[in-house]
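Enquirer: So the mapping is simple: the UniProt record's numbering equals the position in the sequence shown, first residue as 1, plus 23.
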Amino acid sequence: QKKVILDVDTGIDDALGIVLAVRSRQLDILGITTVSGNVSLAKATENTCKILELLDAAERIPVIRGADRPLFRPAVFEHRVHGEDGLGGALSAMQLEKTAADGFAPDFMIASAVRFPGEVTLVMTGPLTNLAHAVRKDPGLVHRVKEVIFMGGAVQSFGNVTPTAEYNMYVDPEAAKIVMHAGFRSLTLVGLDVTRRALLTEEHIGQLAGSPLGDYVRQSTADYMKRYYERYGVRACAMHDPLAVGVAINRDLVTTGYYYVDVETRSDLCDGQTVCDFQNRLHKQPNVHVCLEVDTGAFFRLFIRALRSI
Ligand code: BDR
Ligand code: CA
Numbered sequence: 024q025k026k027v028i029l030d031v032d033t034g035i036d037d038a039l040g041i042v043l044a045v046r047s048r049q050l051d052i053l054g055i056t057t058v059s060g061n062v063s064l065a066k067a068t069e070n071t072c073k074i075l076e077l078l079d080a081a082e083r084i085p086v087i088r089g090a091d092r093p094l095f096r097p098a099v100f101e102h103r104v105h106g107e108d109g110l111g112g113a114l115s116a117m118q119l120e121k122t123a124a125d126g127f128a129p130d131f132m133i134a135s136a137v138r139f140p141g142e143v144t145l146v147m148t149g150p151l152t153n154l155a156h157a158v159r160k161d162p163g164l165v166h167r168v169k170e171v172i173f174m175g176g177a178v179q180s181f182g183n184v185t186p187t188a189e190y191n192m193y194v195d196p197e198a199a200k201i202v203m204h205a206g207f208r209s210l211t212l213v214g215l216d217v218t219r220r221a222l223l224t225e226e227h228i229g230q231l232a233g234s235p236l237g238d239y240v241r242q243s244t245a246d247y248m249k250r251y252y253e254r255y256g257v258r259a260c261a262m263h264d265p266l267a268v269g270v271a272i273n274r275d276l277v278t279t280g281y282y283y284v285d286v287e288t289r290s291d292l293c294d295g296q297t298v299c300d301f302q303n304r305l306h307k308q309p310n311v312h313v314c315l316e317v318d319t320g321a322f323f324r325l326f327i328r329a330l331r332s333i
C-alpha cells in the first residue's frame, strides 16, 4: 500500500476524495491535514472529522490542522459552491465526537517524510499553503517525499474563479509557486483540463443507491449539481478532488506530459493562472507532470466500486 497524506479544505469534492481514498483500501493513509480554502480551517477540520466518522475510520486516521489563511492574501471561501457548511448540508445533524490531533500540518508532513523517507505521497486537494510552509521550514523535505499530486490549475482550459485561474491556485498563488519550484522529485498537476471531464451524473448516483454511502453522495451533491447545471448546462458535477486521489491509486487513469509550469502572482487579471510552457519557449527544465488525458470510464469504475464496498 502506498503511504499517503491527504491535504484537504473539505469541501464537497474533497469529502468524496477522502471517501475514495479510505474505501479503495489501496492507500495507507498516514493522516489527513486540513487547510483554509473552500471553508475556514475550523470548518474544513470539522468536515474532515465528520467524513471519517461516517466511514468508521475516525479512530485509525488522525486529522491534523494546518494553515488558517493563505501565505500573504486574505482567505476566499467558496460557500456559493459548497454550501454554508461545506458539505452541501449533508451531515449537518451529525453529532461529532472526533477532534483533531495535536500538531500543525506542515510539521506532520515533515515528520512523516523523515519517518518514511522516499515513501510518502502527498495528495493535495486544497490551496497549497501547508506544503509551502513545510518546504520553507524544511527545504530537505523535497528529497524525502516520494511525490506530490495536486488538484489545481488549468493549462489548456479556462479557469473556474477568474477567466484564467482555477480556485486552489487562485486562493494562494504564492504557495503554489513555492511548491512548483521547490525541487520535488515528482509533482503531478491534476487540473481542470481533466477534472472537468470526470463528471458525476445521476446515473452514477443511481449505481450507489442502496449502498451505505448512496444517500450521503446524493444529498451532498444535490446543490452542487444544480449550480453546475446553471453554469455549464450539464446535469452533473465535477469530481475534481476525487480524480487527484484516483491518480494516487492508479496512475494509469491519466496521461501526462512533462513540462515547465509556473503560476502568475503579479497580475490583476491573471493571478493564479497556471502557465504551461508546452513549446519550451522559456528554455527551462520541466518541473511538473501535467495531466492531459483521463480515462473517465476507468475512474468511475474505481470510484463506484470503492463507494459500494462495505
Ligand atoms: C477545486 O476548488 C475547490 O472548490 C474544490 O474542492 C477543488 O479542490 C476545484 O477548482
Ligand atoms: Ca478542494
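Think of the CB as a built atom: it goes at the ideal place given N, C-alpha and C, for glycine as much as any other residue.
#1: Under the rule that 16 or more other beta-carbon atoms within 10 Å means buried, what is residue 135, buried or exposed?
#2: Just to confirm the assignment, what range does the alpha helix (DSSP H) spanning residue 285 have?
#3: Tell me the rounded alpha-carbon separation between residue 153 and residue 129.
#4: Determine whether the beta carbon atoms of residue 282 and residue 309 lie at a separation below 9 Å.
#5: For the stretch 180-188 and the stretch 114-125, state whether three or more C-beta atom pairs, one from each stretch, are separated by less than 8 Å.
#6: By how many angstroms is the C-alpha of residue 206 removed from the C-alpha of residue 293?
#7: Which class does residue 280 belong to by DSSP, given the choice of helix, strand or coil?
#8: Give a yes or no on whether the C-beta atoms belonging to residue 280 and residue 301 are separated by under 9 Å.
#9: Going by other Cβ atoms of all chains shown within 10 Å of its Cβ, with 16 needed for buried, is residue 296 buried or exposed?
#10: Roughly how many angstroms lie between the CA atoms of residue 311 and residue 199, to the nearest whole one?
#11: By the three-class DSSP mapping on this structure, what secondary structure does residue 301 have?
#12: Curious, which full-length beta strand (DSSP E) runs of at least 3 residues does the stretch 121-155 contain?
#13: What is the rounded straight-line gap between the Cα of residue 149 and the Cα of residue 39?
#14: From what residue to what residue does the beta strand (DSSP E) around residue 356 run?
#15: Does DSSP put residue 320 in a helix, a strand or coil?
Expert: Looking at the atomic coordinates:
#1: buried
#2: Taken as a continuous stretch (DSSP letters only), residue 285 belongs to no alpha helix (DSSP H), being part of the beta strand (DSSP E) at 284-286.
#3: 5 Å
#4: yes
#5: no
#6: 24 Å
#7: strand
#8: yes
#9: buried
#10: 12 Å
#11: coil
#12: 143-147
#13: 13 Å
#14: Absent from the model: residue 356. The displayed extent of the chain is 24 to 333, so no value can be given.
#15: helix
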